[in-house]
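In the numbering used here, the protein residues as written are 446 to 673.
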């Protein structure tokens, strides 16, 4: 039982080593476009009888290099809007994400991979700004950018339509070091520094069937195991 429990983590350790020569470089790359909604996690508004949480659209693109069927590294850009009753902001969010295929991790000997579940932690930053607006008779004209460090935790699922195309969904928790990107001096406090997001995506995988994202661990590591 103990050996069975440790086996996925041994594979993850081996998977962190890039094995050159198993495929052409372009077969490790994929690009994804995605879009959905984000919501500021805010305090309960007793006057309105609801959480002060407004849903806003976001969209972006992600480029990934897959090291092996267990782990990869990607650069994610998201254009996020924040629309509340008091103001509207926009955020250019950039994250480095470490996607981990948990389906392959806990089922390394499976023979098919139409469905894949991923754990997607990330670190990055956001640059936010807003247009001039009026609130309670006061003009807010400061359009200077606000910068915040960010940490993201996400869980996603992808379904392979073809060897080259996959559709997916993802839910994400995004924490920011700068509270809600609201304008300086605005007498509103949401008491929150984080967001919930939900997105749908379309991914293109270079190399089709030979792309590393289309391989199971048993297929990918077969040559390595024979070498040992």
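We treat Cβ as the ideally placed atom computed from N, Cα and C, and that holds for glycine.
Inset, instruction - Could you round the C-beta distance between residue 648 and residue 475 to whole angstroms and report it? I think they count as a contact, below 8 Å. - result: 5 Å
Inset, instruction - Grab the span of the beta strand (DSSP E) containing residue 566 for me, first residue to last. - result: 560-575
Inset, instruction - Give me whichever residues DSSP pairs with residue 610 in a beta bridge. - result: 649
Legend entry - Nearest-angstrom Cα separation, counted from residue 565 out to residue 645: 15 Å
Inset, instruction - Return helix, strand or coil for residue 631, following the three-state DSSP convention. - result: coil
Inset, instruction - Would you tell me roughly how many angstroms separate the C-alpha atoms of residue 658 and residue 479, rounded to the nearest one? - result: 18 Å
Legend entry - Proximity below 9 Å, CB of residue 574 to CB of residue 590: yes
Inset, instruction - Give me the Cβ distance between residue 522 and residue 539, rounded to the nearest whole Å; I'm assuming they're in contact under 8 Å. - result: 6 Å
Legend entry - Host alpha helix (DSSP H) of residue 603 (start-end): Counting along the chain, residue 603 falls outside any alpha helix (DSSP H), though it belongs to the beta strand (DSSP E) covering 591-605.
Inset, instruction - Please determine, among 501, 532, 597, the residue with the shortest C-alpha to C-alpha distance to residue 621. - result: 597
Legend entry - Status (buried if at least 16 other CB within 10 Å, exposed otherwise) for residue 652: buried
Inset, instruction - Could you tell me which of 593, 550, 631, 611 sits nearest to residue 583, measuring between CA atoms? - result: 631
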